[in-house]
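Down below is the structure, laid out as structure tokens.
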Amino acid sequence: MLFGDSVAIAFAQVSIHSRSKGHSAVAAAAYRSGARLYDDRIGRAYDFSKRDDVAFSEILLPDGTTDSFLERDYLWNEVERAENRSNSQLCKDFVLALPRELNLEQQIELAKRFARTHFVEKGLPADIAIHDHGDGNPHAHILIPTRRLENNRFSKYKARDLNPVFAKGFLVEQDYWGEQWREMQNEFFIENNLDLQVDANHLIAERHRGKHHNANAHYLLEENQLIQQARMELTRDNIDLVIDHLSTQYSVFTRRDVERLLFKTFQASDSPQEYLQFVERVLGHQDLVALGDNNKGEPSFTTRTHLMQEAQLLHDIEAMMVSKNHVVHQPIDSLAQQYRLSEEQYEAFRYITQSPDISVVIGRPGTGKSYLLKPLNEYYIQAGMEVIGAALSGKVAKALQAETGITSSTIKSLSYRLANDMMQLSDKHVLIIDEAGMVDFSSMGYLIKEAHKAGSKVVLIGDPDQLKPIQKGEIFRGIAARTGYIELENIKRQQDLGDRQASLNLAKGDIDKAIQHYQDKGAITITDTKLQAIEQVVADWKQDLESTNMADSIMLSYTRKAVNHLNDLAREALIVENKIGEENIVYQGLERSLKISTGERLLLRENNKVLGVRNGDTATVKEINVQQMKIQLDSGELLIIPKEYKALDYAYALTVHKSQGMTAKKVRVLIDSKYWDRNLSFVAMTRHKEQLNIYADKENHPTEQALKQTLSRSSTKDNVIDWPLDFAIRAGFDSDSLISRALNHIVGVGHKIKQAYNFIVNYEASLLKARHQERFQDIGQAIADAKQEALKVDTKEFESNDCKTSEQSFGILKKDFPQLVELETLIKRRQRMTGYFAEKTDKQIMALTQQLLTNKTFANQVKYQVPEFYQKLQSIDNKQKEKALLQNH
């Protein structure tokens, strides 16, 4: 391929080291770290200590492991000792291309974050080395063993559960890790306000060149030209790649999204006609489903893969809507009185406890939704049930547990434990998902599927108008529209009644009224320049400190660049006022070096279970020396933070994203960008109790109307679950006519929509909610006709596709039939072979396939549970029979 070295920051490669190839784990570690190591097993030394291109090396260990494993000699000799077979797989080597625009400290932090997230937190030690050969292509090696460390020894079982072969719909390991690396880099760039990205709109990632560059001289130009050629080659030959990409990135997309994706692929083409023809090929693909026009009049689409995923989610939700396994006849009045619930909170309490197995609560900021969960937890405990909580961020999960007593964790942690049988849900569980509006489709779908399967109850609590999921879809909004919900609107956070009404207006999307309220109060300051706005924010914040402590007054902004500027100016002001100590001890922060003194306000930006820290915690420094510091979290805990913890930043100013779920007496909001939207405005302008001030500049917003437009900008991600009734009604269509349009659509393109029945169910449920039953007798008949039409669709294909994506079924089969594991290994190994060894392996594959297929129990199970794999086995068996027939003749 053409993109070898040219996909620097998107490139992730995995290779396996095994004894059958003559590999040594000790040798691999010595080479990558530039060290001299001795292999005890074979009595040989490997000396790479003269290498001058190893910029960094470090070993990261799982919690509870002794320091002896930090010795590279000891670690990798123990790895060798744990493997007894002559063909054992010893370790995996992950190679990650590092962004050249980052300095070494940032590259180290990015590589360590990847290693911690994917390996160390899951029980595997990680040996990290960063190489820079001086050719402009720095890269990280992460060497991991194939077994977990358990009780300071390697497990007798391989960590096969971490193999991502079937994870998230990816079937190729390299693709999976490339996607994980891309996502982590983009998150890092956003956090650090870096003008970089691994562009999700490219089929092969291209390096972003920024706004200011000399195109002829820029070092990325040649690289991106090579990527362009590779992208065109790959796209022309594999249209399914485009479809898979669309399914990964979007729930619902438009023709414009497809054109934008393909334009970047074909922009170097001499033939515009080729580009237009390929757009039509994509839009006419059998795996695309046409949904009709959205509320902007744009033709919209989804993929069959995503449609099936949402159909599964819809199936789970509707099954839970008719199940009332957790409704117990137990009085709630005594608990409501004990906790002095407001009338609105009481109604929400009653709604949750008396509703089916899925309940949705939309809680506006400051309405006391967290307080409501205390008596709810007590109620279910008295009924013999167990309440568990989950949230997207560690900080929110920690706060949920502290404020309500509900055992809580991050959604990622909970999903991992469920997927790896480290915990099981049951019909005695009540799962509460907090800040559900920020949860992406895949995470939400998985948890609801697991809860439905176990018979658990799910309570979703969130606000669809606050910050959106980073990944595809806004599924919380879609679920709420489907199930119904109760809303907490009585805002208690703001003391001023006018501010409360403004917060409610923000929640309803009436930004103009909210802005007008603060304008009338004199709480909006517009300066001539950006710098003047920043300086004014800090000057006013400094005045707050005369009557308020630092923890009760915060500054908020959108970009990391503005936040860093605010923090630096704030700290300078504190030094002048003698409000922090004089130590000025230098600690390495997440993105820069920090001078830290007693009294300093700090933001902790990475989870660390050992230290007791969650990403997003804010704290005050109580004591500090060159080795460690004592801090007090805003929640009250005293912690010791060693100098080795580098995920630090100042906390006088925060990004709006970091502030969600936070409350302060006084909040000063800097509108530092044209790219604000109504969701950012809603979060930023509802954090305060006593006082809110807003600052903007005429460089970004020349007029008050321009400011209002920026703060009101809407960016909605569509879900298939919403479609098409919600959008059609918003667009002014008559709902009666929608049924006939749906029928015509199904008759016209029935070959495309294999799940047509789900569309009709969507229409039916929405219409029955919207109007009285008696007005729809004719429509009811139309629905029945539509169902009959949909039932003619090949449902077997839907079922087999559903099974195809079932990791669980395949995993169970491998446990029941060990030969399947051996066959899978042989097939993978065969892909890398040629000549004699390929022929020999072919014979082994064919023999093992015949052996498996003659087992009727196995054949029946694999046929219905993993039909795609069954077809492959049949194909192998048929080739063997054809070969035998030819030989006989």
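If you read the sequence shown in UniProt numbering, its first letter stands for residue 1, the second for the next number, and so on.
Ideal Cβ positions, reconstructed from N, Cα and C, are used throughout, including at glycine.
Check                                                                                                                                                                    : Outcome
Hey, quick one: how far does the beta strand (DSSP E) through Met629 stretch, first residue to last?                                                                     : Gln628 to Leu633
By a C-beta neighbour count over all protein chains shown, 10 Å radius and 16 as the cutoff for buried, is Thr854 buried or exposed?                                     : exposed
What did DSSP end up calling His131 once you bin it into helix, strand or coil?                                                                                          : strand
Straight-line CA distance for Gly599 to Gly616?                                                                                                                          : 19 Å
Would you call the CB atoms of Leu873 and Thr857 closer than 8 Å?                                                                                                        : no
According to DSSP, is Arg417 part of a helix, a strand, or is it coil?                                                                                                   : helix
Starting from Lys666, follow the beta strand (DSSP E) in both directions and report where the run begins and ends.                                                       : Ala664 to Leu670
So, are the CB atoms of Val396 and Ile433 less than 8 Å apart?                                                                                                           : no
Find the nearest neighbour of Lys369 within the set Leu90, Ile812, Ile491 and Ser415, judged by alpha-carbon distance.                                                   : Ile491
Answer with buried or exposed for Ala129, where buried requires no fewer than 16 other C-beta atoms within 10 angstroms of its C-beta.                                   : buried
What does DSSP give as the partner residue(s) for Gln89 in the beta ladder?                                                                                              : Ser18
Looking only at its own chain, which residues have a Cβ that is under 7 Å from the Cβ of Gln536, when we skip the five neighbours before and after it?                   : Thr525, Thr527 and Tyr695
Expressed to the nearest angstrom, what Euclidean distance is found between the alpha-carbon atoms of Val242 and Arg830?                                                 : 28 Å
Considering only their Cβ atoms, is the gap separating Arg19 from Leu75 smaller than 8 Å?                                                                                : no
In terms of residue numbering, what span does the alpha helix (DSSP H) encompassing Tyr346 cover?                                                                        : Glu343 to Gln354
At what residues does the beta strand (DSSP E) containing Tyr587 begin and finish?                                                                                       : Ile585 to Gln588
Could you have a look at Ser68 and say whether DSSP puts it in helix, strand or coil?                                                                                    : helix
Tell me, please, whether the stretch 636 to 651 touches the stretch 662 to 679 by the rule of three or more beta-carbon pairs shorter than 8 Å.                          : no
Near Val26, what residues of its chain come up, given a Cβ to Cβ distance below 7 Å and the 5 sequence neighbours on each side ignored?                                  : Leu37, Asp39, Tyr46, Trp76, Asn77 and Glu80
So if DSSP puts Thr254 in a beta bridge, which residue, or which two residues, is it bridged to?                                                                         : Ser300
Grouping DSSP H, G and I as helix and E and B as strand, with all else coil, what is Tyr275?                                                                             : helix
Check Phe119 in the structure and name its three-state DSSP category.                                                                                                    : coil
Closer than 7 Å by C-beta to Tyr645: which residues in its own chain qualify, once you throw out the five before and the five after it? Chain order, please.             : Asn608 and Leu611
By alpha-carbon positions, which one of Ile190, Val54, Leu70 and Gln354 ends up nearest to Leu124?                                                                       : Leu70
Following the continuous alpha helix (DSSP H) through Thr527, name the residue where it begins and the one where it ends.                                                : Counting along the chain, Thr527 falls outside any alpha helix (DSSP H), though it belongs to the beta strand (DSSP E) covering Ile524 to Thr527.
Expressed to the nearest angstrom, what Euclidean distance is found between the alpha-carbon atoms of Ser737 and Trp676?                                                 : Unreliable placement is indicated for Ser737, whose pLDDT of 41 sits below 50; the coordinate value is still reported in the next sentence. Rounded to whole angstroms, Ser737 to Trp676 spans 38 Å at the Cα level.
Could you give the DSSP three-state label for Asn186: helix, strand or coil?                                                                                             : helix
Smallest Cα separation from Ala348: which of Lys374, Ser323, Lys324 and Asn325?                                                                                          : Lys374
For Asp816, count neighbouring C-beta atoms within 10 Å of its own C-beta (all shown protein chains included) and say buried if the count is 16 or more, exposed if not. : exposed
In terms of residue numbering, what span does the alpha helix (DSSP H) encompassing Ile515 cover?                                                                        : Ile511 to Asp520
Between Gln180 and His118, how many whole angstroms is the CB-CB distance? I'm expecting something under 8 Å.                                                            : 7 Å
Do Thr353 and Tyr379 come within 8 Å of each other at the CB atom, strictly closer than that value?                                                                      : yes
Would you kindly report the start and end of the unbroken alpha helix (DSSP H) that includes Phe817?                                                                     : Run containing Phe817: none; DSSP gives neither H nor E here.
For Ser553, which beta-bridge partners are listed by DSSP?                                                                                                               : Lys666
Under the rule that 16 or more other beta-carbon atoms within 10 Å means buried, what is Phe263, buried or exposed?                                                      : exposed
Counting contacts by CB-CB distance shorter than 8 Å, is Asp39 in contact with chain B?                                                                                  : This model lacks chain B altogether; it includes just one protein chain.
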